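Visitor:
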Amino acid sequence: MEAAVNVNGQLFDARSAVISVFDHGFLYGEGIYETLRTYNREPFLFDRHMRRLRNSAARIELRVPLSDAQFMTRIRDTMEAAGFQEETYTRILLTRGVGELTYDPAACPNASVVVIVKRHVAPSTDAFERGVMISLVSVMRNHPGSVDPIIKSNNLLNNALAMQEAFRNGGDEALMRNYRGELSECSQSNVFIVKNGAVLTPRLDAGLLDGITRDFVLEISCEVGIPTAEAILHDEDLFGADEAFITSTTREVMPVVRVDAHSIGTGRPGLVTLKLLDTYRRKADELTRRAAQRV
Ligand SMILES: Cc1ncc(COP(=O)(O)O)c(C=O)c1O
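Each residue of the sequence shown is one higher than the last, beginning at 120 in my numbering.
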């Protein structure tokens, strides 16, 4: 694995980056994270990721030890150490830190901050042009009264179990329902459908991550005059949709043409989905070019 890693302010390569086994992130899964990517070698939507990181940290009573500017410096230092010429993927992890074996947060005075920078590996052109198959799995999304999916938590067993089922079914992504049987989100992305020209996605109270790409896509849909709504969606809505797509930082706007044995719409990426993908990429290019000029 090729990566540069910043552990609590110190730079390492992938082989030598380590964290204590007494870190409560390792012992109890107590931690949160963010995933960013660059366009034009500039982190995209950094402010939004920082806002979500702080919200996630507050939900688990974790003090964030760095300012946004300090996070940006760590990201840039780590990108520079990595020395990649290509676009990069950055994962920021913040864990409870090292302490005695107790759930008492007071046992861990210092949170651990890790920044991992790798090359960004984009999904294949084929996936964007032909669309992907996802699997509607039996694993239920965490109940918001348990580990609330709005927290971007390092505690990812729910997501991993869902994805294991999707792998067994040959799917590129796992779509989960919530405890009420409504569609919620995928293991690493948010889900959208298009019906009669309108873009619909499950409401946050279905229990899902407030995806940065989800929000951005809702905004750009409005800008280009496509009606959007957050709605309660069920299996039938998906199977009867004209188009479907998933969104995430790394997959952008990815057309979904099959859900297990069900073909969606024409079985090819739809016009609304392709327009949103194109608009998304143009905006990402524009915004990062502008940000790079300010640096
Ligand atoms: C469970 C889940 N939902 C949605 C997303 C998409 O979020 P974003 O658009 O902020 O990358 C992710 C991304 O990792 C995720 O893990």
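For every residue, glycine included, the Cβ atom is placed at its ideal position computed from N, Cα and C. The structure displayed is predicted, hence computed values, not measured ones.
So, are the CB atoms of Thr-366 and Phe-286 less than 8 angstroms apart?
Guide: Taking 8 angstroms as the Cβ cut-off, Thr-366 and Phe-286 do not qualify as a contacting pair.
Visitor: So Gly-150 and Leu-220 are supposed to be a Cβ contact under 8 angstroms. How far apart are they, rounded?
Guide: Between Leu-220 and Gly-150 the Cβ distance is about 16 angstroms, and since that is not below 8 angstroms, they are no contact.
Visitor: Is Tyr-147 helix, strand or coil by DSSP?
Guide: Residue state, collapsed to three classes: helix.
Visitor: Using a Cβ-based criterion (distance less than 7 angstroms to any ligand heavy atom), does Ile-331 qualify as near ligand 1?
Guide: The answer is yes for Ile-331.
Visitor: Any idea if Met-282 is buried or exposed, counting beta-carbon neighbours within 10 angstroms, 16 or more meaning buried?
Guide: Label assigned to Met-282: buried.
Visitor: I believe Cys-305 touches Glu-284 by the beta-carbon criterion, under 8 angstroms. Please report the beta-carbon distance rounded to the nearest angstrom.
Guide: The pair is not a contact, with the Cβ atoms about 12 angstroms apart (cut-off 8 angstroms).
Visitor: Helix, strand or coil, according to DSSP, for Ser-367 in the structure here?
Guide: Here Ser-367 sits in strand by DSSP.
Visitor: What I want to know is whether the C-beta of Leu-220 ends up closer than 7 angstroms to one or more non-hydrogen atoms of ligand 1.
Guide: Checking every heavy atom of ligand 1 against the Cβ of Leu-220, none is found closer than 7 angstroms.
Visitor: List the DSSP bridge partners of Val-126.
Guide: Gln-129, Val-233, per the DSSP bridge assignment.
Visitor: Quick one: complete alpha helix (DSSP H) runs, 4+ long, within the stretch 292 to 344?
Guide: Within the stretch 292 to 344, the complete alpha helix (DSSP H) runs of at least 4 residues are 331 to 342.
Visitor: Given a cut-off of 8 angstroms on the beta-carbon distance, is the pair Ile-345 and Val-391 in contact?
Guide: Going by C-beta atoms, Ile-345 is nearer than 8 angstroms to Val-391.
Visitor: Start and end of the beta strand (DSSP E) containing Met-252?
Guide: Unbroken beta strand (DSSP E) run through Met-252: 251 to 255.
Visitor: Based on the DSSP secondary-structure assignment, which residues constitute the bridge partners of His-168?
Guide: Per DSSP, none; premise fails for His-168.
Visitor: Would you identify the three-state DSSP class for Glu-199, choosing helix, strand or coil?
Guide: Residue state, collapsed to three classes: helix.
Visitor: Taking all protein chains shown into account, decide if Gly-389 is buried (16 or more other Cβ within 10 angstroms of its Cβ) or exposed.
Guide: Buried: at least 16 other Cβ atoms inside 10 Å.
Visitor: Please confirm whether any heavy atom of ligand 1 lies closer than 7 angstroms to the CB of Leu-130.
Guide: Incorrect: Leu-130 has no Cβ contact closer than 7 angstroms to ligand 1.
Visitor: Tell me whether the stretch 233 to 249 and the stretch 163 to 170 touch, counting them as touching only if at least three CB pairs, one residue from each stretch, are closer than 8 angstroms.
Guide: These segments do not touch.
Visitor: Compare the C-alpha of Asn-315 against each of Asp-356, Arg-387, Ile-179 and name the closest.
Guide: Out of Asp-356, Arg-387, Ile-179, Asp-356 has the C-alpha closest to the C-alpha of Asn-315.
Visitor: DSSP on Arg-156, reduced to helix/strand/coil?
Guide: If DSSP states are grouped into helix, strand and coil, Arg-156 belongs with the strands.
Visitor: Asn-277: which of Met-295, Gly-264, Asn-288, Ala-380 sits nearest, CA to CA?
Guide: Comparing Cα positions, the closest option is Met-295.
Visitor: Sort Phe-141, Met-373, Ala-279, Asp-245 by Cα distance to Gly-216 and report the nearest one.
Guide: The residue with the shortest Cα to Cα distance from Gly-216 is Phe-141.
Visitor: May I ask you to report which of helix, strand or coil DSSP gives Ala-136?
Guide: If DSSP states are grouped into helix, strand and coil, Ala-136 belongs with coil.
Visitor: Just to confirm before moving on: does the CB-CB distance between Asp-187 and Leu-130 stay below 8 angstroms?
Guide: It is not a contact, given that the beta carbons lie outside the stated cut-off.
Visitor: Please classify Cys-341 as buried or exposed, where buried requires at least 16 neighbouring CB atoms within 10 angstroms.
Guide: Cys-341 should be labelled exposed.
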